[in-house]
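Visitor:
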Amino acid sequence: MAMSGLVSNRNFGHFIGSGILCRGEQAILLHRGERSSVAVVHGNIVKPISVSPNGRQFILLSLHHSDKSHRVYPQHRSKGSFACCSFSSSSPGGWLEAGDKDKIVENRTSAFYKSEEYDITEAKLDSLPSPDETNEAILVERDIPWWQSFPKRWVIVLLCFAAFLLCNMDRVNMSIAILPMSKEFNWNSATVGLIQSSFFWGYLLTQILGGIWADKIGGKLVLGFGVVWWSVATVLTPIAAKIGLPFLLIMRAFMGIGEGVAMPAMNNLLSKWIPVSERSRSLALVYSGMYLGSVTGLAFSPILIHKFGWPSVFYSFGSLGSIWFALWLRKAYSSPEEDPELSKEEKKLIMGGSLSKEPVKVIPWRLILSKAPVWALIISHFCHNWGTFILLTWMPTYYNQVLKFNLTESGLLCVLPWLTMAAFANIGGWIADTLVSRGLSITAVRKIMQSIGFLGPAFFLTQLSYVRTPAMAVLCMACSQGSDAFSQSGLYSNHQDIGPRYAGVLLGLSNTAGVLAGVFGTAATGYIIQRGSWDDVFKVSVALYIIGTLVWNLFSTGEKILD
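Residues 8 to 570 (my numbering) make up the sequence shown, in order.
Here it is as structure tokens:
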């Protein structure tokens, strides 16, 4: 790739394409293996200068003359931005020494570069006239911390990932702690099912409200409120349990209120921050935070319970929310327009690759509820969550009662299915975005991914009736959850496809149905186990997976239907 361009008195230099544009009489950029070098031709002298392969770790020192040099230093922008400075040196053309730092004076001139690859290149450049007609360009090495050029939209994604990590850590700890708690308080299976389902009472209340709040006032405030609320409720759970069962049920419902706003608020945030070309992988990463939260919670809960007692799980996990909240206040913004540190290049990418970002003033409920794809989302979400929430809340009990694992083994073996979900969610996200980028319609991609997310778990759950060893049962669970994770690139990405302006509300609507599945499914499982068997529990889940597959493929779409 050729290096070319002009340097004027105004801008001092410009990096173009993959080369480095220096102000001087002539510069030759040489490529040699994994390293490149610049040779600056000055009169009859050729001066070699080392260059990093990525072109981002060096400072351009433009024209020096007499005892003055103008040098250009990188600022912190995602595309690579430089501010022009000048410094005094006792020897013309000398390198910037450690003690010369105080000689640098910043001015307002900027130069920009883009770096991709290096090749053998020669460029003749306009030089800035100097009193003694001595012109030379040199480079000084300087490391730029990677986090200062990290895309801001992915900072938002990672913070949402961390919030969802905490979300499931605080949720699944009860599925482990319930075993020693039920012994201490003499709870039967029906009572355990009631306690597990009480979380969803509050979770149900704030799904649609969370979506409305996020779409109207911004996802930053709503998600921040949710994390603080559920963290406090988590810390207070042991106290409520010791006071009495009604207080525990209320506290679990309070916790659900906080977690209920998380998904609508996150969906609103990503609809504004993430371009369409990165939608599946960003959502997959965030939702994999939930899965890794389950892994973390299920792995550490038995250890904490064994060493410090079951209340320690709630105290330790709940306190982590304060750390996240401090970072959230400093780094997060509800939209790109509100972020003063966002570079122009990244803002252009986000605004050019995403759909409407205008705030919502009125929710068109009649229009939304009149669309068949919206109802396909709602019904499919119900069918999906029935099986998912049963596995989330009852898996340790299944391992303990059916497979005869002890408490520690139950917690550790529950980690494997969630690890597979975290891995396959991200694999599915990359596959989905790749298929879209190669021309396959969004509708086809969403149907393919969600069909895998339904039929995969259905198949592996049916195999649990035929396995004879605990190892095979755990493997079936892991495969079931792994294929379930493809749903993140199916129905969970579809809200932003069909109505990006109302992404929070749409997620709130469909997840309300999903929460109802969690409430009824979790409670019903306790009664089914008392009167039937685990095979009956899995048969109900399989039937709903098949119904969801049919509805999704008949009525869903990937096209925008709501403006």
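Note that the Cβ used here is the ideal one computed from N, Cα and C, for glycine as well.
Taking 6 Å as the cut-off, is the CB of G515 close to at least one heavy atom of the ligand NAD?
Guide: As far as ligands go, the structure on display features none, and thus does not contain the ligand NAD.
Visitor: Near S238, which residues of its chain fall below 6 Å by C-beta distance, leaving aside the five closest residues on each side in sequence?
Guide: G325 and G328
Visitor: In the DSSP assignment, find the alpha helix (DSSP H) that holds S303 and state where it starts and stops.
Guide: Residue identity check: residue 303 is Thr in the sequence provided, not Ser. T303 -> alpha helix (DSSP H) spans R286 to F315.
Visitor: Could you give the DSSP three-state label for R373: helix, strand or coil?
Guide: Looking at R373 - three-state DSSP - the assignment turns out to be helix.
Visitor: Pair every Cβ in the segment 261-279 with every Cβ in the segment 512-520, then say whether three or more of these pairs are closer than 8 Å.
Guide: yes
Visitor: If we count Cβ pairs, one from each stretch, closer than 8 Å, do we get three or more for the segment 226-238 versus the segment 164-177?
Guide: yes
Visitor: My assumption, with CB atoms under 8 Å, is that M270 sits in contact with A240. Please give the rounded CB distance.
Guide: Actually they are not in contact, since the Cβ atoms of M270 and A240 sit about 17 Å apart, beyond 8 Å.
Visitor: DSSP state of Y534, grouped into three classes?
Guide: helix
Visitor: List, from N- to C-terminal side, the alpha helix (DSSP H) runs of 4 residues or more that fit wholly inside the segment 456-524.
Guide: 477-491 and 498-505
Visitor: For M479, is the classification buried or exposed, using 16 other Cβ atoms within 10 angstroms of its Cβ as the cut-off for buried?
Guide: exposed
Visitor: For L305, which of I357, W425, S284 and L334 has the nearest alpha-carbon?
Guide: W425
Visitor: From this set, I535, S517, A221 and W393, which residue's C-alpha is nearest A379's C-alpha?
Guide: S517
Visitor: Return the first residue and the last residue of the alpha helix (DSSP H) that A333 is part of.
Guide: The continuous alpha helix (DSSP H) containing A333 extends over residues P318 to K338.
Visitor: Measure the Cβ-Cβ separation of S287 and G394 and say whether it is below 7 Å.
Guide: no
Visitor: Within a Cβ cutoff of 7 Å, which residues of the same chain sit near G300, ignoring the five residues on either side of it in sequence?
Guide: F171, L172, L173, C174, N175 and M176
Visitor: S278 by DSSP, collapsed to three states: which one?
Guide: helix
Visitor: My output table needs one value for D440: the three-state DSSP class, helix, strand or coil.
Guide: helix
Visitor: If I measure Cβ to Cβ from N560 and keep anything under 7 Å in the same chain, skipping five residues before and after, which residues do I get?
Guide: K454 and S458
Visitor: Is the segment 244-264 touching the segment 337-348, taking contact as three or more C-beta pairs under 8 Å?
Guide: no
Visitor: State the start and end residues of the unbroken alpha helix (DSSP H) segment that holds T244.
Guide: G226 to I250
Visitor: Buried or exposed for Y499, please, with buried defined as at least 16 other CB atoms from any protein chain shown within 10 angstroms of its CB.
Guide: With 16 or more other Cβ atoms within 10 Å, it is buried.
Visitor: Could you say which of G296, K354 and L201 lies nearest to P158 if we only look at CA atoms?
Guide: K354
Visitor: Classify E191 as buried or exposed, calling it buried when 16 or more other Cβ atoms lie within 10 Å of its own Cβ.
Guide: exposed
Visitor: Near G233, which residues of its chain fall below 6 Å by C-beta distance, leaving aside the five closest residues on each side in sequence?
Guide: Same-chain partners within the cutoff: G265, V268 and A269.
Visitor: On the three-pair Cβ rule with 8 Å, is the segment 486-494 touching the segment 246-255?
Guide: no
Visitor: Ignore the nearest five residues each way along the sequence and tell me which others in Y294's own chain have a CB closer than 6 Å to its CB.
Guide: Cβ within range, chain order: A432 and Q495.
Visitor: Does DSSP classify P187 as helix, strand or coil?
Guide: Residue state, collapsed to three classes: helix.
Visitor: Are the CB atoms of G539 and S196 within a distance shorter than 7 Å?
Guide: no
Visitor: Quick check on D570: does DSSP put it in helix, strand or coil?
Guide: coil
Visitor: Less than 7 Å between the beta carbons of S350 and I183, yes or no?
Guide: no
Visitor: CB-CB under 6 Å to G246, same chain, minus the five flanking residues each way: which ones, in chain order?
Guide: It should be noted that the sequence gives Ile, not Gly, for residue 246. If we look at I246 and ignore the five residues flanking it on each side, it has no Cβ neighbours.
Visitor: Grouping DSSP H, G and I as helix and E and B as strand, with all else coil, what is N560?
Guide: In the three-state scheme derived from DSSP, where H, G and I count as helix and E and B as strand, N560 is classed as helix.
Visitor: Decide if S563 is buried, meaning its Cβ has at least 16 other Cβ atoms within 10 Å, or exposed.
Guide: buried
Visitor: Along the chain, where does the alpha helix (DSSP H) that runs through G359 open and close?
Guide: K351 to G360
Visitor: Beta-carbon within less than 7 Å of P187's beta-carbon, same chain only, minus the 5 sequence neighbours each way: which residues are those?
Guide: I312 and W317
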